[in-house]
Amino acid sequence: MEYDENGVSIVPAELKKEIFEEARKDFRYEEYVRGCLNCGVCTGGCPPHRFFDFSPRIVLQKMKSKDPELIWTMMDEYVWACFQCFTCAMICPFLNSPGGVIAILREIAVRRGFESAKKVLKPYSRVLLKLTAYGNQLSPDMIQPDFFPDWGPHIGYASTDLAVKRKAIPMPTLQVTNLAWDVAPETMKELYDIFDEAGVFKIIESVDPSLYEIIQDIVDDVRSS
Amino acid sequence: MSENILVIGGGPAGLNAAVMLSELGVNVTLVERDSFLGGNPKKFKYKFLFPDMQPADNVIGELIKKTESADNIKVYYSSEVSDFKENGKKFDAVIKSTSGSETKTFDSVIVATGFEHFDPARDAKYSYQLFDDVIDIKDLERMMGENNFVRPSNGKPPKKVAFILCVGSRDRHVGNQYCSRVCCTVSVKQAIEMREHFPDCEAYIFYMDIRTYGFFEDLYWKAMEEHDVQIVKGRIAEITSGPDNTVVCKGEDTLLRGPFEIPFDMVVLASGMEGGSQSPEISSKLGIELDEHGFLKPENVTLSPFKSNKPGVFLAGACTGPKAISDSITEGAAAAMNAYTYAVKNR
């Protein structure tokens, strides 16, 4: 993909318009975008604004501009700077939700398999696998020094002898390390139906095709059991 | 036989209505809930009034003096209208005071029950009542009135003060979407006053829009040009405590700096105006309409802003919405004229 001097990808005007229309048609749009007096309370209280060039006030203003060009400038990297803490929504005197607008735009980026979405979701592939295939979010075997450096200096120790440490937990556990809890096959099948209906599998297919294949193998196994 | 007219509320609007009616020869009954006349300006000891910085006493004191010296104005202090009934075109009202209840018949009624200052403690982001050095405009007005302008935390004069506009106004979270109209001008006035008397103290005003409407704009320019008041566009998101006993204002300077955290010795919140608990009370007691903002509703907001929906009951002053003292005094006169006309017609 080609990028302009601001690092914004160059795409046809029709696509920009489509993105804008898609956001406008979202069922949450009316609730999230109201009047805006540019007071700056949202940005003043925004945690990422301390660290990045990211401003919820600008997000809302660009959305309200109804200018597809301006909205497109947020689609590559900008929308991913938000922490989704929703402080902005909590403190906006007009009851706008810039964080909500970000959620709508992110979902569009993910649904359409934009490069930025692929890049951002890559580190989460193990979580996506556990979640969609097994109905678990984190399991003991996911604790590995390479994956969670931000968990502190003891992550190396924490990742060794998992089976023994699991047994030491003074409450009933599965005594396995590849799952956090047991999910019955019937429940898994229901979960798969929900993921199918909600388009979750389709989204994974568009952002990470190889992960999708792994997940589908497991899904097929469970469904045919 | 002269007319009998009831005026409820002894603030600027009610006082002027009573004085005008008394000059027309009407027997006026003035019911005041406090033990003194003058309303909020007196209660909170407003010192100087915008736009010309004249002493508040020149205005309020003058009206009180005229009221107290008129033979045909009967003032009931610490009192209320406890019962109200229509009697043909007239009205029967029970006035309850410390000396008992009295029933009187009136030809017409003027409601001038005024406003309440917004309580900034209701909006947690301003940390009012949490930090001693966060005060609001009425607190500052009282401090200035008592010649006691010091930091409440340590009794020392402040060196850097922030004024924050739109506290309790234009904010759906606190339920007040409207603009309180006068707080911008009051804050600018207070900043000028502060810079005049305490030139060593820096003044910052944080605003969303500066609404010094009409000629009040002169004060806004004066604050910038003659008194070096820093005027920053950005609403404050949070007030926290800072080092060296300071209070920190956190927000976005939407034009220049971007995000900021600035420590101050003192913060003054421009708390807005509300209909208070008296508006719904008087609305149900007298059977007149309340509007969606919590103030009393005029019959026609443009043609007859001083009339209620009930013939014979008139409205004056801030009970119908935020307004300046001069507007309240004007409305007091307009309501007096209308109440008098109604009384004479139905004699």
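Chains A and B, in that order, give the protein sequences. Numbers 15 to 239, taken from the numbering used here, label the letters of the first sequence in order. Numbers 86 to 432, taken from the numbering used here, label the letters of the second sequence in order. Even glycine gets a Cβ: it sits at the ideal position worked out from N, Cα and C.
- Between B:Ala209 and chain A, the shortest Cβ-Cβ separation is not below 8 Å.
- DSSP, read as helix, strand or coil, puts B:Ala206 in helix.
- Between the region 257 to 272 of chain B and the region 199 to 214 of chain B there are three or more inter-stretch CB-CB distances shorter than 8 Å, so the stretches are counted as touching.
- In the three-state reduction of the DSSP assignment, A:Cys60 falls in the coil class.
- Counting along the chain, the unbroken beta strand (DSSP E) around B:Pro344 starts and ends at Gly343 to Phe349.
- Of all alpha-carbon atoms in B:Lys408, B:Leu400 and B:Asp303, the one lying nearest the alpha-carbon of B:Glu359 is that of B:Lys408.
- Straight across, the Cα-Cα distance linking A:Asp196 with A:Tyr148 is about 9 Å.
- Between the region 166 to 178 of chain A and the region 105 to 119 of chain B, the count of Cβ pairs shorter than 8 Å is below three; the stretches do not touch.
- Per DSSP, B:Asn261 lies in no beta strand (DSSP E) segment and is marked neither H nor E.
- Among the residues of chain A, those whose CB is under 7 Å from the CB of B:Glu323 are Gly59, following chain order.
- Residues of chain A with a Cβ closer than 8 Å to the Cβ of B:Thr339 are, in chain order, Asn52, Cys53, Gly54, Thr57 and Arg71.
- The beta carbon of B:Asp256 sits closer than 8 Å to some beta carbon of chain A.
- A:Met89 is classed as buried because its beta carbon has at least 16 other beta carbons within 10 Å across all chains shown.
- Under a criterion of Cβ atoms nearer than 9 Å, the residues of chain B adjacent to A:Arg64 are, in order, Pro344.
- The beta carbon of B:Gly253 sits no closer than 8 Å to any beta carbon of chain A.
- Distance from the CA of B:Leu134 to the CA of A:Ala37, rounded to the nearest whole angstrom, comes to 51 Å.
- A:Trp94 is classed as buried because its beta carbon has at least 16 other beta carbons within 10 Å across all chains shown.
- According to DSSP, residue pairing for B:Cys334 in a beta bridge involves B:Ile324 and B:Ile347.
- For A:Phe108, the residues of chain B that pass the 8 Å Cβ criterion are Arg257, in the order they occur in the chain.
- Among the residues facing chain A, B:Arg266 is not included, as its CB has no counterpart in that chain under 8 Å away.
- In the displayed model, A:Leu142 falls within a helix according to three-state DSSP.
- Cβ atoms of B:Thr325 and B:Val314 stay farther apart than 8 Å, at about 24 Å.
- Using a Cβ-Cβ cut-off of 8 Å, A:Ile118 does not count as an interface residue toward chain B, since no Cβ of chain B sits closer than that to its own.
- If you ignore the 5 residues before and after A:Asp155, its C-beta comes within less than 7 Å of the C-beta of Leu176, Thr191 and Asn192, all in its own chain and listed in chain order.
- The Cβ neighbour count for A:Met15, taken over all protein chains shown within 10 Å, is under 16; the residue is labelled exposed.
- Residue environment: B:Gln275 is assigned as buried (16 or more neighbouring CB atoms within 10 Å of its CB, all protein chains considered).
- Between the region 108 to 118 of chain A and the region 70 to 81 of chain A there are three or more C-beta pairs closer than 8 Å, enough to call the two in contact.
- The beta carbon of A:Ile208 sits no closer than 8 Å to any beta carbon of chain B.
- Distance from B:Lys175 to B:Thr190 at the Cβ level is roughly 5 Å; contact confirmed, criterion being Cβ atoms closer than 8 Å.
- Within chain A, the residues placing a beta-carbon under 7 Å from that of B:Met293 are Leu51 and Cys53, ordered along the chain.
- Its Cα nearest to that of A:Met202, the residue A:Thr146 stands out among A:Thr146, A:Trp165, A:Ala172 and A:Thr101.
- Boundaries of the beta strand (DSSP E) harbouring B:Phe169: Glu165 to Asn172, taken from the DSSP string.
- As the crow flies, the alpha-carbon of A:Gln98 is around 27 Å from that of B:Phe291.
- The region 90 to 151 of chain B is shown to contain whole alpha helix (DSSP H) runs of 4 or more residues at 97 to 108 and 124 to 128, in chain order.
- Here A:Pro223 is exposed, its C-beta having fewer than 16 other C-beta atoms within 10 Å.
- A Cβ-Cβ contact shorter than 8 Å links A:Ile33 with A:Ile85.
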